[in-house]
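Line by line, the protein sequences give chains X and D.
So the first sequence is numbered by this note's numbering: it starts at 1153 and just counts up by one.
So the second sequence is numbered by this note's numbering: it starts at 3 and just counts up by one.
By construction, the Cβ of each residue, glycine as well, lies at the ideal position given by its N, Cα and C atoms.
Computed from a predicted structure; not experimentally measured.
A short worksheet on the structure shown next.
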Amino acid sequence: MLPGGLDPVLFIVAPLGVLGVIGLTWLFGGLRDASLASPEIARQRLAELDPGFVAAGVTLARSGAGAIFSGAGDHKPRIAVLVPLGDRFVSRVLGPGDVVDAAVVGERLVIRTRDFTGPRLALALGAGEAERWRERLLEFNGGAVDPGGPDG
Amino acid sequence: MGESFPNIVRYAIPFFILFMGIEIVIWRVFHRGRYETRDTAASLAMGLGNQIVGLLPGGFVVGLYFALYEHRLFDLERTWWVFLLCFLAEDLSYYWFHRLAHERRWMWAAHINHHSSQHYNLSTALRQAWTSTLALSFLFRLPLVWIGFEPAMIFLFGGISLVYQFWIHTEVIDRMGPFEWVFNTPSHHRVHHAFNPRYLDANYAGVLIIWDRIFGTFVEETAADPPRYGLVKNIATFNPFKVAFHEWVGIARDVAGARSLRELLGYTWGPPGWSPDGSRKTTATLKAEWRARLAAAEGAGAPAAAVSDVGDPG
Chain X
1153 MLPGGLDPVL FIVAPLGVLG VIGLTWLFGG LRDASLASPE IARQRLAELD
1203 PGFVAAGVTL ARSGAGAIFS GAGDHKPRIA VLVPLGDRFV SRVLGPGDVV
1253 DAAVVGERLV IRTRDFTGPR LALALGAGEA ERWRERLLEF NGGAVDPGGP
1303 DG
Chain D
3 MGESFPNIVR YAIPFFILFM GIEIVIWRVF HRGRYETRDT AASLAMGLGN
53 QIVGLLPGGF VVGLYFALYE HRLFDLERTW WVFLLCFLAE DLSYYWFHRL
103 AHERRWMWAA HINHHSSQHY NLSTALRQAW TSTLALSFLF RLPLVWIGFE
153 PAMIFLFGGI SLVYQFWIHT EVIDRMGPFE WVFNTPSHHR VHHAFNPRYL
203 DANYAGVLII WDRIFGTFVE ETAADPPRYG LVKNIATFNP FKVAFHEWVG
253 IARDVAGARS LRELLGYTWG PPGWSPDGSR KTTATLKAEW RARLAAAEGA
303 GAPAAAVSDV GDPG
């Protein structure tokens, strides 16, 4: 036992082992983010993650680092977003009321949502596309989106 | 009451680390399985946190078990058949704990942590909950104590079950033949961690898969629909604190907006995804939608596997 009755397995072996495993994973895999090679691949990923969302238009972010989709055949206007999380993607389907604010920051569209785990969704779409999608978000959110938006 | 048993999990920790190292090398050399640095770090932080957080309420649970044991129905000695019965009873109680941890949101709020990775490897096994006691997981072993099984014996088999379930979190091992008829295996547990509609809420077993076969929750892995791991709505973070508490935050937000006792109970003890107006999706809804897509595709002459793989082509 360590001073204070602490268990050496729990307080020395386990933390060192954890560091070793993380180090080995980093050595072999690095820190690469997932990317989308084409709009078709983006549609496929979204269909896997949100099979109920029928995508119409899609815009790919620069370097394939995410995508944004408009919904089709739906009674409620919705927009879906794919963003990388490590070597995987996370999808969010945004409907009226889900967006807290949206802004164009440089080349990026930055959307703030009520999601606790990832409230900030950023997509490098280019200034023109970013503005177009921001207007769409404004539209279906009934003008509730703050045009001042986040500061990036 | 006899001597206590060794803490199996403590002795297993060095082997957990060793086997993760081996699996990482297999991933690198043979391209089987997959690791991601930040995902692995989050999983292991959750595992470490679980061990540390567990020290706090652990005393309360042990005290409760020993207090109840004083009022046991039978005096069960340490004979071979008592050990066997205790193993079976503990594994059965685990099945029901685990099943309700998926079917009731209050319990899911703790267990969701374990399913929050989109990867499936040995580090995922260690992505354990920090709030199990709050989620009332300890209740499920109380009947065993009341019957008369020694708490130490129950903890022994609980530890064995936990250690057993470590090695089944892998994509490196494929199918295991007749062993799969009785025991939980990597294939069975891959199904459990998948969010493909076909696989949702299935294979709750700890050690013995027979409970799923008996209670109708067994689903076999199929090559036509490879498991996709994670949650129906995946979390967008590697932050272990957000991983640990995100569903509790969701419950708190919903409860704050509840307009009746029915809504309050639905948001806390209804199935995950429950909402008063049905606007969110439960497992039952997701499975019904998937079956509808499947039927529509079959009607159109498309192969069923294509639908189960990617849903609507969009």
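- The beta carbon of residue 236 of chain D is closer than 7 Å to those of 120 in its chain, skipping five residues each way along the sequence.
- Fully enclosed beta strand (DSSP E) runs of no fewer than 3 residues are not present anywhere in the region 66-109 of chain D.
- Put simply, of X:1278, X:1272, X:1205, X:1195 the residue whose alpha carbon is nearest the alpha carbon of residue 1215 of chain X is X:1278.
- Among the bridge pairs identified by DSSP, residue 1272 of chain X is matched with X:1264.
- Contact between the region 63-81 of chain D and the region 143-160 of chain D is present: 3 or more CB-CB pairs across the two stretches fall below 8 Å.
- Residues of the region 5-25 of chain D with a Cβ closer than 7 Å to any Cβ of chain X, in chain order: 12, 15, 16, 19, 22, 23.
- Under the Cβ criterion of 7 Å, residue 1251 of chain X is not counted among the residues facing chain D.
- Distance from the CA of residue 1260 of chain X to the CA of residue 1234 of chain X, rounded to the nearest whole angstrom, comes to 14 Å.
- Exclusion of the five residues before and after residue 1217 of chain X leaves 1185, 1187, 1236, 1276 as the residues of its chain whose Cβ lies within less than 7 Å of its Cβ.
- Identification of residues in the region 64-89 of chain D having a C-beta nearer than 7 Å to some C-beta of chain X yields an empty set.
- Bounds of any alpha helix (DSSP H) do not take in residue 1205 of chain X, whose DSSP letter is neither H nor E.
- With its beta carbon less than 7 Å from one in chain X, residue 41 of chain D belongs to the interface.
- Residue contact with chain D for residue 1180 of chain X: present (Cβ-Cβ distance below 7 Å to some residue of chain D).
- The beta carbon of residue 1238 of chain X sits closer than 7 Å to some beta carbon of chain D.
- Among the residues of the region 106-135 of chain D, those with a Cβ less than 8 Å away from any Cβ of chain X are 120, 121, 125, in the order of the chain.
- Between residue 266 of chain D and the set D:201, D:113, D:299, D:108, the nearest pair of CA atoms involves D:108.
- Residue-level contact by beta carbon holds for residue 238 of chain D and chain X, with a gap shorter than 7 Å.
- Distance from the CA atom of residue 1204 of chain X to the CA atom of residue 291 of chain D, rounded to whole angstroms, is 8 Å.
- Taking a cut-off of 8 Å on C-beta distances, the region 26-43 of chain D touches the region 1168-1185 of chain X, as three or more cross pairs fall below it.
- Residue contact check for residue 173 of chain D against chain X: no CB pair falls below 7 Å.
- Under DSSP, residue 1256 of chain X shares a beta bridge with X:1261.
- Contact between the region 248-260 of chain D and the region 220-230 of chain D is absent: fewer than 3 CB-CB pairs across the two stretches fall below 8 Å.
- For residue 1229 of chain X and residue 1247 of chain X, the gap between their C-alpha atoms comes out near 6 Å.
- Between the region 239-256 of chain D and the region 47-65 of chain D there are three or more C-beta pairs closer than 8 Å, enough to call the two in contact.
- Taking C-beta atoms as the reference points, residue 253 of chain D and residue 47 of chain D fail to come closer than 7 Å.
- Put simply, the CB of residue 37 of chain D is near chain X, with a gap under 7 Å to one of its CB atoms.
- Along the region 1154-1173 of chain X, the positions whose C-beta sits under 8 Å from a C-beta of chain D are 1159, 1161, 1162, 1165, 1166, 1167, 1169, 1170, 1172, 1173, read in chain order.
- Along the region 1276-1294 of chain X, there is no position whose C-beta sits under 7 Å from a C-beta of chain D.
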